[in-house]
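Numbering follows numbering that gives the first Met the number 0, with no gaps: position 165 of the sequence shown is 164. Each residue gets a CB set at the ideal place from its N, CA and C atoms; glycine is no exception.
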Amino acid sequence: MRFNRAISKIKVLSFDLDDTLYNNHPIIRAALQAQADYLLQIPKWPHQDAAFWSRCRNQAVQQTPELAHDVTAWRQQALYIGLLACGFNHTQATKHAQQAYAAFAQARSQITVCPSVLTLLTDLKQRYTLIAITNGNVEVDEFNLAGVFSLVLQAGKDGRAKPYPDLFDNAARQLNVKHSNILHIGDNLDTDVQGANNAKCHSVWLNNQDCQYQYQGLADIEISNIKQLNIL
0 MRFNRAISKI
10 KVLSFDLDDT
20 LYNNHPIIRA
30 ALQAQADYLL
40 QIPKWPHQDA
50 AFWSRCRNQA
60 VQQTPELAHD
70 VTAWRQQALY
80 IGLLACGFNH
90 TQATKHAQQA
100 YAAFAQARSQ
110 ITVCPSVLTL
120 LTDLKQRYTL
130 IAITNGNVEV
140 DEFNLAGVFS
150 LVLQAGKDGR
160 AKPYPDLFDN
170 AARQLNVKHS
180 NILHIGDNLD
190 TDVQGANNAK
200 CHSVWLNNQD
210 CQYQYQGLAD
220 IEISNIKQLN
230 IL
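Listed below in structure tokens is the structure:
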């Protein structure tokens, strides 16, 4: 654990979810496979590769830029655009987009957070209010994080995605705390750390991903393992 700046009194620990409290990569792969399996069951469905769906996603967000803040609506619209491009009419495309997304979402919530992380959260909950702030669309009530957080805020329905400060502002308002009383923990410098810093909250960077980031700012605290939070 490395401290880059002094922090003020913390009352709230805010957690990113995907790739912070669990490994999200195999979960997304499984969800994408469930979506593909549904589409393959449609009569005369032409197999489409990742490049096709990337173009659909780009088209969706170009047409409606605010979709970038709501991954659920963005994926649903990309599916709809893809189905239209494959020759389905509006009614068919709407139906299959909804059902393909439902298959994705069901697999998306097949998560099991490891017992040691749950124990950590239980211990921290004795001293802090725990909340989740996520750009993703996982439903925590569908797996073993149910009941852990006092508040869960998701980009789209609760505000613009991190690194915009909206979700942090929302949390401070609902919990009636100062922004400086919130310490946000996440794996992504560009969204989690930059977002918390933009909102004048405190930040912890979980530096355990082999990724390149654009953000040049520092987190207040840097850790390499989530369990290092037990000294807070």
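Asked                                                                                                                                                                                : Found
With a cut-off of 8 Å, do at least 3 Cβ pairs link the stretch 69 to 82 to the stretch 91 to 101?                                                                                    : yes
Sort out for me which residues DSSP pairs PHE2 with in a bridge.                                                                                                                     : ILE220
Run through DSSP, which three-state label would HIS68 get?                                                                                                                           : helix
Count the CB pairs spanning the stretch 151 to 159 and the stretch 58 to 74 that are closer than 8 Å, and state whether there are at least three.                                    : yes
Should the stretch 38 to 46 be regarded as contacting the stretch 203 to 210, the criterion being three or more beta carbon pairs within less than 8 Å?                              : no
State yes or no: is the beta carbon of ASN206 nearer than 8 Å to at least one beta carbon in chain B?                                                                                : Among the protein chains of the structure shown there is no chain B, as only one such chain exists.
Measure the C-alpha to C-alpha separation of GLN227 and ARG54 and round it to an integer number of angstroms.                                                                        : 41 Å
Which residues mark the beginning and the end of the beta strand (DSSP E) in which GLY185 is found?                                                                                  : 181 to 185
Beta strand (DSSP E) containing VAL151: first to last residue?                                                                                                                       : 150 to 153
Have a look at the DSSP bridge pairing and note the partners of ALA131.                                                                                                              : PHE14, VAL151
Helix, strand or coil, according to DSSP, for TRP204 in the structure here?                                                                                                          : strand
Quick test of your reading: ASN23 and ALA218, contact by CB under 8 Å. State the CB separation rounded to the nearest angstrom.                                                      : Not really, about 20 Å apart at Cβ, beyond 8 Å.
Of the choices ILE9, ALA5, ARG1, whose alpha-carbon is the least far from that of ALA171?                                                                                            : ILE9
Thinking C-alpha only, which one of ASN229, LEU231, SER223, LEU166 is nearest CYS200?                                                                                                : LEU166
Tell whether a beta-carbon distance below 8 Å holds between PHE142 and ALA30.                                                                                                        : no
Could you give the distance in angstroms between the alpha-carbon of ASN197 and the alpha-carbon of VAL147?                                                                          : 26 Å
Might you give, ordered along the chain, the residues of its own chain that have their beta carbon closer than 8 Å to the beta carbon of TYR214, omitting 5 neighbours on each side? : PRO162, LEU188, ASP189, VAL192, GLN193
Please name the residue in ALA195, ILE222, ASP186 whose C-alpha comes closest to that of GLN211.                                                                                     : ASP186
Leaving aside the five residues before and after ALA59 along the sequence, list all residues of the same chain whose C-beta is less than 7 Å from its C-beta, in chain order.        : LEU66, TRP73, GLN76, ALA77, ILE80
What do you get for ILE230, buried or exposed, if any count of 16 or more other CB atoms within 10 angstroms of its CB means buried?                                                 : exposed
Spatial neighbours of SER241 within its chain, please: C-beta separation below 6 Å, excluding the five flanking residues on both sides.                                              : One cannot answer for residue 241 here, as it falls past the ends of the chain, which runs 0 to 231.
DSSP three-state label for TYR21, please.                                                                                                                                            : strand
What does a CB cutoff of less than 6 Å around ILE184 pick up in its chain, not counting 5 residues either side in sequence?                                                          : PHE14, VAL203
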